[in-house]
Amino acid sequence: MSENNEEKTTIGARLKAARTAKGLTIDDLQQITKIQKRYLIAIEDEQFDKLPGDFYVRAFVKQYADTVDLDGNALLEEYRDELPSVHTEKIVDNVDEVQPTRVASREQPASPANRVRNYLPTIIITAIVVLILLFIWFMAVRTHAGSSSSTSADSSSVQVSSSKKKVSSSKASSSAKSSSKASSTKEQTIKANGSSDTAFTLTNGADKNKVVIKSSKAAWTSVTTNGSQTWQGTLSANGSHTLTLPSNAKTVKFQFGNATETTVTINGKAFNFNPNNSSSKVRTITLTIK
1 MSENNEEKTT IGARLKAART AKGLTIDDLQ QITKIQKRYL IAIEDEQFDK
51 LPGDFYVRAF VKQYADTVDL DGNALLEEYR DELPSVHTEK IVDNVDEVQP
101 TRVASREQPA SPANRVRNYL PTIIITAIVV LILLFIWFMA VRTHAGSSSS
151 TSADSSSVQV SSSKKKVSSS KASSSAKSSS KASSTKEQTI KANGSSDTAF
201 TLTNGADKNK VVIKSSKAAW TSVTTNGSQT WQGTLSANGS HTLTLPSNAK
251 TVKFQFGNAT ETTVTINGKA FNFNPNNSSS KVRTITLTIK
């Protein structure tokens, strides 16, 4: 009997019930998903015409469902007939209207402590450079004073010492080249975890992996690193976005609103996140970094 009641429940009621069960308010959900409050309320009330386009109805519903621990893909499939078709999607000309919280966060002025922290590396580097220049000046003055009173034997000693330094430098250069060749043999690889087409593992990546996301058509995309959102936005047709993952990144979650029109490269190499050529546009991909 409970199954029949669940089948009769509307998608808006399902989402609202899941949100309430997690103890989240609409304001909480807005902070987590970065989707405007008025759009979240429209989804719960099933007033989909208030959203910026049919494409965003499915993308926002899936993101809402994933946030309240529902299976977004399964929910979209179950209520496929109740949701607008993605073939009638409308491109949003002003992305900032859909994602205002993101713009607001960028416009917040930095605190004095943050400004000092930002300039601290520059101050340290400047101090080190000054110390190095003072040391070079001191050694130059000392060498000049010593050379004026040295004999030809001392000059020969300096030449021998210079030859030893060159030999030592040559050995160090050879060692560096050998080390570079050894490290270059380890190539970056991205492999699927078993037969899964939504879970992958990256090995031999960079300390800070560079990710480039491109789309041939309008596409909403979200990137979450170690559970915290790194970037979210909507790319225009033939648009791209570049981001650098932090060095402590272990798990990266990609959410694509138009996966079939989106490509991703990591450190300049293509990431084939759709090896089985799935036709689903809304997809969630998990990448583990080792």
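If you're matching positions, the sequence shown starts at 1 in full-length UniProt numbering and goes up one per residue. The beta carbon of each residue, even a glycine, is placed where N, CA and C say it ideally should be. A quick note: this is a predicted structure, and the numbers were derived from the prediction, not measured.
Taking residue i as the reference, give the member of the options with the closest Cα.
| i | options | result |
| --- | --- | --- |
| THR221 | GLN232, GLY227, LYS214, THR33 | GLN232 |
| ILE190 | LYS269, VAL130, GLU261 | LYS269 |
| residue 302 | GLY23, ALA21, ARG58 | No information on residue 302 is available, as it lies outside the stretch 1 to 290 that the chain covers here. |
| ALA219 | ALA206, LYS208, THR234 | THR234 |
| ALA42 | ASN258, ASN204, PHE60 | PHE60 |
| ILE26 | ILE123, TYR64, GLU187 | TYR64 |
| GLY257 | LEU76, LEU29, LYS16, LEU15 | LEU76 |
| ARG14 | ALA140, LYS62, ILE125 | LYS62 |
Who are the near neighbours of residue i in its chain, counting only those whose CB is closer than 7 Å to its CB and skipping five residues on each side?
| i | result |
| --- | --- |
| LEU243 | VAL211, VAL223, THR230, TRP231 |
| ASN238 | SER216 |
| SER240 | VAL212, ILE213, LYS214 |
| PRO84 | PHE48, ASP54, VAL57 |
| ALA206 | ASN267 |
| LYS186 | ASN204 |
| GLU6 | Any reading at GLU6 needs caution, since the residue's pLDDT is 48, under 50, leaving its predicted position unreliable; the model's value is listed next. Same-chain partners within the cutoff: there are none. |
| SER278 | ASP197 |
| GLU261 | SER215, SER216, LYS217, ALA219 |
Within the same chain, show all residues whose beta-carbon is closer than 8 Å to that of residue i, passing over the 5 residues directly before and after it, in chain order.
| i | result |
| --- | --- |
| ASP66 | GLY72, GLN255, THR284 |
| LEU51 | TYR39, ALA42, ILE43, VAL57, PHE60 |
| TRP137 | none |
Can you tell me the Cβ-Cβ gap for residue i and residue j, rounded? I've got them flagged as a contact below 8 Å.
| i | j | result |
| --- | --- | --- |
| residue 295 | ASN226 | In the structure as shown, the chain starts at 1 and stops at 290, and residue 295 therefore has no counterpart that could be examined. |
| ASP45 | GLY12 | 6 Å |
| LYS37 | VAL68 | Not really, about 15 Å apart at Cβ, beyond 8 Å. |
| THR265 | PHE271 | 6 Å |
| THR251 | THR203 | No, THR251 and THR203 are not in contact; Cβ-Cβ is about 14 Å, not under 8 Å. |
| LEU245 | LYS208 | 6 Å |
Residues in the same chain with beta-carbon distance under 6 Å from residue i, minus the five sequence neighbours each way, listed in chain order, please.
| i | result |
| --- | --- |
| ALA18 | VAL68, LEU70 |
| residue 291 | Since the first and last residues shown for the chain are 1 and 290, residue 291 lies out of range. |
| ASN276 | ASP197 |
| SER247 | ASP207, LYS208 |
| ALA113 | none |
| TYR79 | ILE11 |
Validate contact between the segment 266 to 285 and the segment 68 to 77 using beta carbons, cut 8 Å, 3 pairs: yes
Pick out the complete beta strand (DSSP E) segments inside the segment 184 to 262, 3 residues or longer, and give them in chain order. Taking 3 residues as the shortest admissible run, the segment 184 to 262 contains the following complete beta strand (DSSP E) segments, listed from N- to C-terminal end: 189 to 192, 199 to 203, 210 to 215, 219 to 225, 228 to 235, 239 to 244, 251 to 256.
Could you tell me which whole beta strand (DSSP E) segments of length 3 or greater appear in the segment 11 to 78? none
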